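Protein chains in written order, with the working numbering: chain X, 366 to 480; chain A, 88 to 202.
Using N, Cα and C, we set each Cβ at its ideal position, and we do this for glycine too.
All figures in this text were calculated on a predicted structure; none of them were measured in a lab.
Notes follow once the structure below has been shown.
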């Protein structure tokens with residue numbers, strides 16, 4: 366069974382450009398979350414989507430946006446890239462909330478380098 | 088303001104001995120705490136969780152202890168194995184419940200288990 370898949374795995378952009386990162390959740394998972402991990406730090410929450418609706422947003426500027434599609438896959442878009450946006454972008458999916466910890470399963474991430 | 092802190096950037100132990108990784112938090116509203124392990128070039132992998140109403144949870148070689156009064160949790164690995172060498176992240180869950188939640192991560196601790 367496939368896990369969380371993300372594309373592309375690596376990409377290089379220049380300042381001011383736009384980037385789109387894609388994520389396919391585990392089959393049957395309806396919630397997708399996005400995290401940013403800067404070198405030397407832990408992952409930081411960007412967005413959570415459930416049933417195609419935004420359920421949470423972290424402390425990120427409006428240059429960051431996301432959406433979830435009817436098949437529960439998701440896109441993260443970042444406009445007007447800055448050097449500080451260089452990071453590993455992690456997508457995670459989880460099952461329908463049934464109580465408990467609702468463990469997030471992470472993909473391997475998309476490594477973005479902004480020059 | 089870091090709500091989840093892992094004050095030890097690294098830890099080195101001998102194979103077969105106990106590894107103890109520590110984590111402190113400041114937000115009393117966290118309802119679950121999770122530990123993730125991360126190898127290079129991979130996404131974080133879930134290890135074990137504990138509810139805020141419990142003080143101990145055990146799964147094989149892994150045990151997590153929670154001290155709510157001290158806002159402190161620890162992960163014990165016994166016996167440690169070389170394959171346990173990885174970065175360990177402490178994470179705390181918050182949200183309005185149901186399908187709305189996020190994880191707040193610490194900066195991670197690099198565990199090295201020497202043969």
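**Prompt:** Expressed to the nearest angstrom, what Euclidean distance is found between the alpha-carbon atoms of residue 111(A) and residue 440(X)?
**Reply:** Within the second chain, the letter at position 24 stands for residue 111(A). Within the first chain, the letter at position 75 stands for residue 440(X). Going by the C-alpha atoms only, they are around 33 Å apart.
**Asked** residue 92(A) touches chain X at which residues, Cβ-Cβ below 7 Å?
**Response** Taking the second chain and counting its residues from 1, one reaches residue 92(A) at position 5. Within chain X, no residue comes near residue 92(A); the closest Cβ sits about 10 Å away, beyond 7 Å.
**Message:** Closest to residue 179(A) by C-alpha separation, out of 123(A), 197(A) and 164(A), would be which residue?
**Reply:** Here residue 179(A) is taken as the residue at index 92 of the second chain, counted from 1. Considering only alpha carbons, the answer is 123(A).
**Request:** Starting from residue 377(X), follow its DSSP beta bridges and name the residues at the other end.
**Result:** Taking the first residue of the first chain as 1, we reach residue 377(X) at position 12. Bridge partners of residue 377(X): 478(X).
**Message:** For residue 306(X), count the other beta carbons within 10 Å of its own beta carbon; 16 or more makes it buried, fewer makes it exposed. Which is it?
**Reply:** Since the first and last residues shown for chain X are 366 and 480, residue 306(X) lies out of range.
**Item:** Partner residues on chain A for residue 406(X), Cβ-Cβ distance less than 7 Å
**Value:** Here residue 406(X) refers to the residue found at position 41 of the first chain. Those are 194, listed as they occur along chain A.
**Request:** Report yes or no: is there a C-beta of chain A within less than 8 Å of the C-beta of residue 491(X)?
**Result:** Nothing about residue 491(X) can be read from this structure; chain X reaches only from 366 to 480.
**Asked** Does the segment 392-399 of chain X come close enough to the segment 410-419 of chain X to have 3 or more Cβ pairs within less than 8 Å?
**Response** yes
**Request:** Could you tell me the distance, in whole angstroms, from the CA atom of residue 164(A) to the CA atom of residue 89(A)?
**Result:** Here residue 164(A) refers to the residue found at position 77 when the second chain is read from its first residue. Here residue 89(A) refers to the residue found at position 2 when the second chain is read from its first residue. Computed Cα separation, rounded: 25 Å.
**Prompt:** Taking Cβ positions only, does residue 452(X) come closer than 8 Å to chain A?
**Reply:** Taking the first chain and counting its residues from 1, the one referred to as residue 452(X) is at position 87. Answer no: the Cβ-Cβ gap between residue 452(X) and chain A never drops below 8 Å.
**Prompt:** With contact counted as at least three CB pairs below 8 Å, one residue from each stretch, are the segment 93-100 of chain A and the segment 446-455 of chain X in contact?
**Reply:** no
**Touching by the beta-carbon criterion (3+ pairs, under 8 Å), the segment 372-388 of chain X and the segment 164-175 of chain A** = no
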